[in-house]
């Protein structure tokens, strides 16, 4: 994960504009408060698929990133929802830049 993405996710956490953990993330998605969902690439296949399917159903963008927990200072967390449009856009921009650098197009 590039430092810009890591910083954007960390700043979002400090501002209180996100919720982390599978239960909290699922509640935010179902309540349609989530603007963006980030799932750690190292999460189980069932977790990644479950959140991808849930986000698709509710029309919320779901992206996989290298590490979620490390960026927010909670290493055990594998899912993060962003509730603020401005932070979601900042993270999308950082993800886009990372994809240009690595050549990934997930």
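Residue numbers (this note's numbering): 8 to 113. Virtual Cβ for every residue (Gly too), placed ideally from N, Cα, C. The structure displayed is predicted, hence computed values, not measured ones.
Pick out whichever of the options has its Cα sitting closest to the Cα of residue i.
i          : options           : result
residue 94 : 24, 31 and 63     : 24
residue 45 : 22, 65, 98 and 51 : 98
residue 40 : 15, 67 and 29     : 67
residue 62 : 51, 18, 38 and 76 : 38
residue 54 : 11, 29 and 73     : 29
Among residues of its own chain, excluding the 5 on either side of residue i, which ones have a beta-carbon nearer than 6 Å to its beta-carbon?
i          : result
residue 42 : 89, 92 and 95
residue 87 : 25, 27, 45 and 75
residue 50 : 85
residue 33 : none
Check the DSSP bridge columns for residue i and list the partner residues they point to.
i          : result
residue 40 : Looking at the DSSP assignment, residue 40 forms no beta bridge with any residue, so it has no partner.
residue 16 : Answer is none; residue 16 lacks a bridge partner.
residue 26 : 88
residue 45 : 70 and 87
According to the Cβ coordinates, are residue i and residue j closer than 8 Å?
i          : j          : result
residue 79 : residue 16 : yes
Skipping 5 residues on each side, what residues in its chain have a beta carbon closer than 7 Å to that of residue i?
i          : result
residue 11 : 101 and 104
Give a yes or no on whether the minimum CB-CB distance between residue i and chain C is below 8 Å.
i          : result
residue 86 : No chain C appears in this structure, which consists of one protein chain only.
Taking the runs of the beta strand (DSSP E) that are 3 residues or longer, which of them lie wholly in the segment 52-91?
-> DSSP runs (the beta strand (DSSP E)) wholly in the segment 52-91: 68-72 and 86-89.
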